[in-house]
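See below for the structure under consideration.
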Amino acid sequence: MSDPLCDRSPYPLREFTMKGFQKILRLCASSTLIAVLVFCTGCTAIPFYSQTAKTELSMQVESTRDPGIYQVTGRSNLPNQTRLTIQAIRNLQPNSQSGQSYSILAQTEVKVEQGKWQTSLNLLQQDKLEAWQKTAKALNLKSEPEKQVRFLAVTEPTENSIGIQSQSTATGNQGTSIQFTADGRSYLQAEQVLSIELPRGNIIASEKPAQTVVKVAVQSINQTKETKSQTDAELPTQAWMR
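According to the numbering used here, the sequence shown is numbered sequentially starting from 65.
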């Protein structure tokens, strides 16, 4: 006679084995799905990271022996042929409540080459004056020009995100920051401020023309003139002998 426990034992064991195997399959499927999701997420994150790679842009301004001419150099990890706009600006009404008025003294464009760029700016016109000085009187511009000039190096605006090595890289009169246009596009700006006195020239001409004073001695018309008398009488004989 067979033992009833032995007759029933294979069925529970088989049921337990099938349930455990199905559970293992479900765990494997879940792990595979998670791995696929992580892989796909990583694929979509790589281009985004490349767009937010930190950008470097530095600038150094130095005066030259020539009055009004400054040498501007810098470094950047931007691609070759990237265009930069270099400007020199002087604020004319720094304390005005109606808004700041400024003059662009000089402007040029450069291209990044092998991580470097350089150019020179001439802040003076042919008459050795800044551009705004000649028109200040004609426009009745009551300006209070600053004694400092701002040198800027800016990139072209872009819709992509821009990241820099440090948002607080400003030290003293130098710094790099991210700026935004009115339509929300961003661009990178490097800035350096130098103390540059105003050129000493004939900015405003005298309202009255210069007058030359000439002193002339004037003789009265009524002044009597010495005259000699004349006669037709014959000269004495002694007079002819002389």
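For each residue, glycine too, the CB sits at the ideal point set by N, CA and C.
These numbers come from a predicted model, not from an experiment.
Residue nearest to residue i in terms of C-alpha spacing, selected from the options
i, options, result
"Ala-246", "Tyr-166, Pro-221, Ser-122", "Pro-221"
"Pro-209", "Ala-195, Leu-216, Gln-256", "Ala-195"
"Gln-212", "Arg-147, Ile-260, Gly-239, Gln-238", "Ile-260"
"Gln-238", "Asn-224, Glu-120, Lys-118, Gln-124", "Gln-124"
"Val-136", "Gln-145, Ala-152, Leu-142", "Ala-152"
"Gln-190", "Pro-131, Pro-143, Leu-216", "Pro-131"
"Glu-223", "Arg-214, Gln-243, Gln-171, Gln-157", "Gln-243"
"Ile-133", "Gln-164, Leu-187, Leu-142, Glu-120", "Leu-187"
"Ser-122", "Arg-264, Ser-225, Ala-217, Leu-258", "Ala-217"
Beta-bridge pairing of residue i - partner residues as DSSP gives them
i, result
"Ser-207", "Answer is none; Ser-207 lacks a bridge partner."
"Gly-239", "Glu-255"
"Val-213", "Leu-258"
"Trp-196", "Note: Trp-196 sits in no beta bridge, so no partner."
"Ser-184", "Gln-135"
"Gln-124", "Thr-137"
"Gln-171", "Gln-151"
"Gly-227", "Lys-118"
"Val-176", "DSSP output for Val-176 lists no bridge partner at all."
"Thr-222", "Ser-250"
Cβ neighbour criterion (16 or more within 10 Å) applied to residue i
i, result
"Ala-202", "exposed"
"Thr-199", "exposed"
"Glu-255", "buried"
"Leu-262", "exposed"
"Gly-227", "exposed"
"Arg-147", "exposed"
"Ala-303", "With a pLDDT of only 49 at Ala-303, under 50, the local geometry of the prediction cannot be trusted, and no value is derived from it."
"Arg-154", "buried"
"Cys-70", "Note that Cys-70 scores a pLDDT of 48, beneath 50, so its modelled location is shaky and nothing firm can be said."
"Ser-140", "buried"
"Ser-167", "buried"
"Thr-240", "buried"
"Thr-219", "buried"
"Gln-37", "Any answer about residue 37 is impossible in this case: the structure gives the chain only from 65 up to 306."
Between the segment 246-258 and the segment 174-192, are three or more C-beta pairs nearer than 8 Å?
Between the segment 246-258 and the segment 174-192, the count of C-beta pairs closer than 8 Å stays below three; the two stretches do not touch.
Answer yes if the segment 170-178 comes into contact with the segment 249-260, meaning at least three C-beta pairs across the two stretches below 8 Å, and no otherwise.
Not touching, per the Cβ criterion.
Let me know the beta strand (DSSP E) ranges lying completely inside the segment 128-164, each 3 residues or longer, listed in chain order.
Whole beta strand (DSSP E) segments, 3+ residues: 133-140, 147-155.
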